[in-house]
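As numbered in full-length UniProt numbering, residues 18 to 270 make up the sequence shown, in order. Ideal Cβ placement from N, Cα and C applies to all residues, glycine included. Shown next, in structure tokens, is the structure this report addresses.
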Amino acid sequence: NFMRKPLVGTSWKMHIHSIYRGEALAEAMHRSVGHIEAVDMFVLPTFPLISKVANKLKSGNIKWGAQNICIAESGAFTGEVPPLSLKELGCSYIEIGHAERRAMFGETDKDVYKKIRLSLEYDMTPVICIGETEEDKREHVGNVRVHTQILWALNGLQIEEMKKIILAYEPVWAIGQAEAASADYVENIHGYIRSIVEKEYGKDVAQEIRIIYGGSVSPDNTGPLTKQENVDGLFVGRFGLSSENFYQIVKTT
Ligand code: PEP
């Protein structure tokens, strides 16, 4: 879509568990895709890696960010990471509500809501992960799950804020699999998500907001997925762990 610049991001999750390996990967990414201007790009390393990655990426077009953020600005929150520190590390994007955080760390829709507000307050773009589970899909309530997650996430956001956020549709059953969800399936849900945004915020916001897809994205399925009218980019997991694969995905987008 001509209105919406494509966006391709990757979260390294905890796959990269050495700072030195992460630094080397950031350098390789900088070399392979750092010059590209047609696609917006970001990398989300682990917290202790952020400053090293920032150092490698600062002169190119790849932005960086974090995989999580605290629900509060400061105080007695042992083990959490404050929004201001992330801002000071140059983070542009904050991933919020990934399926693994919801499932393994008990993150709720209300937590997601609080984290979005704080990211925006510190002028960092929230990448809001939504998507139905396998069980939701089997019971034909995937649309209810997605709708509920969106209502929580967008609650009270102003129109200007709406234009900054990224919605990442990640069906939980397609994460970490051999195959992504089919392009038709994804296009159908992305259209549904855009229609919810339109109902709440009107046509202009709905046409501007970027909705990216995540879940077993690879160089092979990038073409069919990004050809869809309502797919504005990709959120990559495993295939973002190699600069060659990431390059292929960005080039095909
Ligand atoms: C993810 O969990 O967001 C993801 C896209 O992972 P993968 O690409 O490895 O399925």
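Taking the beta carbon of residue i as the centre, do at least 16 other beta carbons fall within 10 Å, making it buried, or is it exposed?
i: Asp-201; result: exposed
i: Ala-120; result: exposed
i: His-34; result: exposed
i: Tyr-230; result: buried
i: Gln-175; result: exposed
i: Ser-76; result: exposed
i: Glu-196; result: exposed
i: Asp-249; result: buried
Only counting the same chain, and skipping five residues up and downstream in sequence, which positions put a Cβ closer than 6 Å to that of residue i?
i: Trp-29; result: Pro-62
i: Ser-235; result: Phe-256
The beta strand (DSSP E) that contains residue i, what's its start and end?
i: Phe-122; result: Unbroken run through Phe-122: none, as it is neither H nor E.
i: Leu-61; result: 57-61
Quickly, what does DSSP pair residue i with across the bridge? List them, please.
i: Ile-111; result: Ala-83, Pro-143
i: Ile-228; result: Leu-184
i: Leu-251; result: Val-25, Tyr-230
Identify, in the order they occur along the chain, each residue of the same chain with its Cβ nearer than 8 Å to the Cβ of residue i, setting aside the five sequence neighbours on each side.
i: Pro-65; result: Ile-36
i: Ser-109; result: Phe-59, Lys-80, Trp-81, Gly-82, Met-141, Thr-142
If I measure Cβ to Cβ from residue i and keep anything under 7 Å in the same chain, skipping five residues before and after, which residues do I get?
i: Ala-198; result: Pro-188, Ala-191, Gly-232
i: Val-267; result: Val-25, Val-50, Ile-53, Val-56, Met-58
Start and end of the alpha helix (DSSP H) containing residue i?
i: Leu-74; result: 67-74
i: Asn-238; result: 236-243
i: Lys-132; result: 126-138
i: Thr-165; result: 159-171
i: Ser-49; result: 36-50
i: Gln-194; result: Segment: none, Gln-194 is in no alpha helix (DSSP H) and carries neither H nor E.
i: Ile-176; result: 176-179
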